[in-house]
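Chemist: I am attaching a structure below and will ask some questions about it afterwards.
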């Protein structure tokens, strides 16, 4: 009834009247508070007990115990008890003669969960279904693609190594049948040259000769019958465990984050700080030695995305890096990576669990931004409705 609304008493009625009469003020306050809280959780440093770097939105360092934060007294007591128990077992084994060194030599085994997988195919698969993938131009394109990874400055810190400490040749790459020496696959050293048609045919023949062994890895499912393969693949292998860790399961999360640096990029300031915290077990070479704190080593994901003209939205960091590259729209959505060459386009598909983790981290941030924008859009809609009807 007329006048009944104004006769209501109490704080709820007062708030309701204010919200109705001054909805625009409520909208502005909501936006300001939302943006303020966003700035706090993204930019204000996290509790040092929880994380060495990052904003309040940073996930705490994981503990070895389910549903417990690593910096709590309960988690620390359990860690201490576990350490004492392990020391006791070691001393008992030494006294009884049962001591055994179970540590693996650093990067002596393949890091299956960190390796990079690449598939090469004809761009027009129907048109070129009866055409070999191993043409001189396509072999050269494959070489330049894999060189982005194997010539990266951090590659030698993560590659699988021989007993001498030298990086092993990539056994699961077809390129070794065409460029025997690793240096011949390095464009900076004059490698990845266009080979002759004869050399391409000879290399392909060697793959088929090795079909009962590793050669079959590079062939399509109908290659043996057709006597040619219209697609192939590579498995770029990294090594485990990293220096300072006993095996692949020793502080698995920390080792995984170290591998992520190879894929996503390494910030020397952050990495140096982590060496006394999250990466304190790491005893390998420090790539930031004699480098400035603001030195950054670009990761292979960014280099590959540049090579294949893949970009997300935004294409560059916004608000001082608060909104990272691809935070609003993933560069991989609708991407069709390929290489234009003289005899047609070569389709390239690459994947790694580390790539997947890096992308997942971006998607988590994107969800936050879209949640904020969605709420803001709803308020704008209500404000518009109120303006039209009132």
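Residue numbers (our numbering): 245 to 634. A virtual CB, placed ideally from N, CA and C, is assigned to each residue, including glycine.
(1) Return helix, strand or coil for residue 245, following the three-state DSSP convention.
(2) Output the distance between the C-alpha atoms of residue 601 and residue 442, rounded to the nearest integer angstrom.
(3) Hey, quick one: how far does the alpha helix (DSSP H) through residue 366 stretch, first residue to last?
(4) Answer yes if the region 364-383 comes into contact with the region 470-488, meaning at least three C-beta pairs across the two stretches below 8 Å, and no otherwise.
(5) Report yes if the C-beta distance between residue 558 and residue 569 is below 8 Å; otherwise report no.
(6) DSSP puts residue 593 in a beta bridge; with which residues?
(7) Which residue wins for smallest C-alpha separation from residue 362, given the options 532, 380 and 385?
(8) Alpha carbon to alpha carbon, how far is residue 332 from residue 339?
(9) For residue 585, write down the residues that DSSP places opposite it in a beta bridge.
(10) Just to confirm the assignment: which complete alpha helix (DSSP H) runs, minimum length 4, are found wholly within the region 383-452?
(11) Taking the C-alpha atoms as reference points, what is the distance between residue 321 and residue 511?
(12) In three-state DSSP terms, what is residue 483?
(13) Figure out for me which residue from 628, 626 and 612 has the closest Cα to the Cα of residue 281.
(14) Taking the C-alpha atoms as reference points, what is the distance between residue 479 and residue 383?
(15) Across which residues does DSSP place residue 478 in a beta bridge pair?
(16) Count the other C-beta atoms from every protein chain shown that fall within 10 angstroms of the C-beta of residue 527, then say buried if there are 16 or more, exposed otherwise.
(17) Quick check: residue 426 and residue 541, are their CB atoms within less than 8 Å of each other?
(18) Which of helix, strand or coil does DSSP assign to residue 541?
(19) If you follow the beta strand (DSSP E) that residue 509 is in, where does it begin and where does it stop?
(20) Where does residue 376 fall in DSSP's three states?
(21) Can the beta-carbon of residue 429 be found closer than 8 Å to that of residue 394?
(22) Do residue 400 and residue 411 count as a contact pair if the criterion is CB distance below 8 Å?
(23) Are the CB atoms of residue 448 and residue 587 within a distance shorter than 8 Å?
(24) Relative to the alpha-carbon of residue 435, which residue among 423, 402, 531 and 265 has its alpha-carbon at the smallest distance?
(25) Tell me the DSSP secondary structure of residue 340 in three-state form.
(26) Can you list, in chain order, the residues of its chain whose CB lies under 8 Å from that of residue 329, leaving out five sequence neighbours each side?
(27) Between the Cα of residue 642 and those of 433, 406 and 326, spot the shortest distance and give me the residue it belongs to.
(28) When the cut-off is 8 Å and only beta carbons count, does residue 397 lie next to chain C?
(29) How is residue 454 classed by DSSP in three states: helix, strand or coil?
(30) What's the gap between the Cα of residue 359 and the Cα of residue 537?
(31) Which partner residues does residue 353 have in the DSSP bridge list?
(32) Could you check whether residue 353 and residue 483 sit closer than 8 Å to each other, using their CB atoms as the reference points?
(33) Residue 271 and residue 623 - do their beta-carbons sit closer together than 8 Å?
(34) Would residue 275 and residue 604 qualify as a contact pair, given that the criterion is a beta-carbon distance under 8 Å?
(35) If you draw a straight line from the C-alpha of residue 377 to the C-alpha of residue 523, how long is it?
Modeler: Let me lay it out:
(1) Any reading at residue 245 must be qualified, since the residue scores a pLDDT of 47, below 50, and its modelled position is unreliable; no value is offered.
(2) Our two residues, residue 601 and residue 442, have alpha carbons roughly 42 Å apart in a direct line.
(3) Unbroken run through residue 366 is the beta strand (DSSP E), 360-366; no alpha helix (DSSP H).
(4) With the cut-off at 8 Å, the region 470-488 and the region 364-383 touch.
(5) The Cβ atoms of residue 558 and residue 569 sit closer than 8 Å to each other.
(6) According to DSSP, residue 593 bridges with 363.
(7) Taking each of 532, 380 and 385 in turn and checking the Cα distance to residue 362, the smallest one comes out for 385.
(8) If I take the Cα positions, the gap works out to 11 Å.
(9) Note: residue 585 sits in a beta bridge opposite 588.
(10) Residue ranges of uninterrupted alpha helix (DSSP H) with 4 or more members, entirely inside the region 383-452 and ordered along the chain, are 399-402.
(11) The straight-line gap from Cα to Cα measures roughly 33 Å.
(12) Strand at residue 483.
(13) Answer by Cα proximity: 612.
(14) Cα-Cα distance, rounded: 16 Å.
(15) Answer is 362.
(16) Its Cβ having fewer than 16 others within 10 Å, residue 527 is exposed.
(17) Judged by their CB atoms, residue 426 and residue 541 are not nearer to each other than the 8 Å cut-off.
(18) Assignment of residue 541 by DSSP, reduced to helix, strand and coil, places it in the strand class.
(19) If you look at residue 509, you'll find it in the beta strand (DSSP E) that goes 509-511.
(20) Here residue 376 sits in coil by DSSP.
(21) Yes.
(22) Yes, the pair counts as a contact, with Cβ atoms nearer than the cut-off.
(23) In this structure, residue 448 does not lie closer than 8 Å to residue 587 by Cβ.
(24) Minimum Cα distance to residue 435 is reached at 423.
(25) Correct three-state label for residue 340: coil.
(26) Excluding the 5 residues flanking it on each side, residue 329 has no same chain C-beta neighbour closer than 8 Å.
(27) Any answer about residue 642 is impossible in this case: the structure gives the chain only from 245 up to 634.
(28) The structure shown has no chain C; it contains just one protein chain.
(29) If DSSP states are grouped into helix, strand and coil, residue 454 belongs with coil.
(30) If you draw a straight line from the Cα of residue 359 to the Cα of residue 537, it is about 29 Å long.
(31) In the DSSP output, where bridge partners are listed per residue, residue 353 has 484.
(32) Yes; because the gap between Cβ atoms is below 8 Å, this pair is in contact.
(33) Yes, the Cβ-Cβ distance between residue 623 and residue 271 is below 8 Å.
(34) No, they are not a contact pair.
(35) Approximately 43 Å between the Cα atoms of the pair.
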